[in-house]
Amino acid sequence: MNAKLLFKIVFIIVMLFLLVLIGLNNKQTVSFVLPPLLAKQIHQPAAIMYFAFFAVGILTGAVLSVGVGKKGGGGGKPSGGK
240 MNAKLLFKIV
250 FIIVMLFLLV
260 LIGLNNKQTV
270 SFVLPPLLAK
280 QIHQPAAIMY
290 FAFFAVGILT
300 GAVLSVGVGK
310 KGGGGGKPSG
320 GK
């Protein structure tokens, strides 16, 4: 197994474990205010807010990583053609 893939799997498991811990321990309600985009305050449990910010971060990372990768084609030895 590739070390990079193993690191990614362990990282995702740790992040999901943190989400579970936050959900179990942060049940109080918090307010979220963003005047340019939202007209009124949002009152949600702290764990839901954390999950929402985590999801926005994941989506942002996915959008930024689209198209990043090695370009295929013609990467081998050039053919001699004699």
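If you want this note's numbering, it's the 1-based position in the sequence shown plus 239. Note that beta-carbon positions come from the ideal geometry of N, C-alpha and C, so glycine has one too. From a predicted model like this one, the values you see are computed outputs, not experimental measurements.
Using CA atoms only, rank isn't needed, just tell me which of the options is closest to residue i.
i    : options                : result
Q283 : M240, F271, G306, A294 : F271
A286 : P274, V253, L258       : L258
M254 : G306, A301, A294       : A294
N265 : V305, V302, Y289       : Y289
Excluding five sequence neighbours on each side, which residues of the same chain lie with their C-beta closer than 6 Å to the C-beta of residue i?
i    : result
I261 : A286, Y289
Please report the straight-line C-alpha distance between residue i and residue j, rounded to a whole angstrom.
i    : j    : result
Q267 : I251 : 26 Å
Skipping 5 residues on each side, what residues in its chain have a beta carbon closer than 8 Å to that of residue i?
i    : result
V269 : H282, Q283, P284, A285, M288
Determine, using beta-carbon pairs with one atom in the stretch 272–282 and one in the stretch 245–260, whether at least three such pairs fall under 8 Å. no
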